[in-house]
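Notes for the one structure printed next.
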């Protein structure tokens, strides 16, 4: 049983397209994280959310606590956005991770 | 501010050998954790700690040992390496207190190969 489900698993887009990655979870959480991992690279934190919406540049993250769902949006996508995007939720004691969404943006 | 320092970056072991992966953070984070990342599996929790002297098992703890004698350090020990432990290992830390908003900080990863 996966406490965190992400969709889609793989996503291909053309440069400039609007992209949405979804995350659903089944546990009570204190926060939800969106992470980015480039090929062969480390993992960096993009957002931490406990309610509402956050925006950093072209990236927007939203969360609906009642529906236990979060979305990560990328506006005007660019090839440098190609990476694996990972959703993680924090409970009192630990973190649960989704399996990640592999995004490829073509020029 | 170094963040999370993870060493080594690469390691090759023979079956049966033991080794310790080091993880240190300088942000006074209570929560520290170890993950392994395998193709198609995502990040899987090995062990975690919510403070010095407190550790607990994650999803895949077998074959690994941890201790947390200080807030800063959280080493992961492979007791007798097996080929199934070939993976990329990540250490991560954050604050753990309820309601404390804290991003996750990851080390750069250790690529381990067991032959």
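Protein chains in written order, with my numbering: chain A, 1 to 107; chain E, 1001 to 1115.
Glycine included, every Cβ here is placed at the ideal spot set by N, Cα and C.
Check	Outcome
For residue 1008 of chain E, collect the residues of the same chain with a Cβ closer than 7 Å to its Cβ; drop the 5 residues on either side in sequence, then sort them by chain order.	1110
Does residue 26 of chain A get closer than 8 Å to chain E when you measure Cβ to Cβ?	no
Near residue 19 of chain A, which residues of its chain fall below 6 Å by C-beta distance, leaving aside the five closest residues on each side in sequence?	13, 74 and 77
Cβ of residue 63 of chain A less than 8 Å from any chain E Cβ?	no
Could you tell me the boundaries of the beta strand (DSSP E) in which residue 1027 of chain E lies?	Element bounds for residue 1027 of chain E: n/a, residue is neither H nor E.
Kindly list, in the order they appear in chain A, the residues whose Cβ is closer than 7 Å to that of residue 1076 of chain E.	Under the 7 Å cutoff, chain A gives no residues; its nearest Cβ is about 16 Å from residue 1076 of chain E.
Looking only at C-alpha atoms, which of E:1006, E:1019, E:1002 and E:1005 sits nearest to residue 1082 of chain E?	E:1019
Output yes if chain E places a C-beta closer than 8 Å to the C-beta of residue 100 of chain A; else output no.	yes
Express the C-alpha separation of residue 1077 of chain E and residue 1006 of chain E in angstroms, rounding to a whole number.	13 Å
Quick check on DSSP: helix, strand or coil for residue 1044 of chain E?	strand
How about residue 33 of chain A: is its C-beta nearer than 8 Å to some C-beta of chain E?	yes
May I ask you to list the residues that DSSP assigns as paired with residue 84 of chain A?	A:37 and A:102
Tell me, please, whether the stretch 87-104 of chain A touches the stretch 28-48 of chain A by the rule of three or more beta-carbon pairs shorter than 8 Å.	yes
Could you tell me which residues DSSP pairs with residue 52 of chain A in its beta bridges?	A:63
Nearest CA to the CA of residue 1063 of chain E: which residue from E:1069, E:1071, E:1047 and E:1074?	E:1047
What are the boundary residues of the beta strand (DSSP E) that residue 1159 of chain E is part of?	Given that chain E is displayed from residue 1001 to residue 1115, the structure contains no residue 1159 of chain E and the question cannot be resolved.
Residue 63 of chain A: which of A:39, A:11, A:96 and A:29 sits nearest, CA to CA?	A:29
Give the interface partners of residue 42 of chain A over in chain E, defined as CB-CB distance under 7 Å, in chain order.	1106, 1108 and 1109
Taking the CB atoms as reference points, tell me whether residue 107 of chain A and residue 15 of chain A lie closer together than 8 Å.	yes
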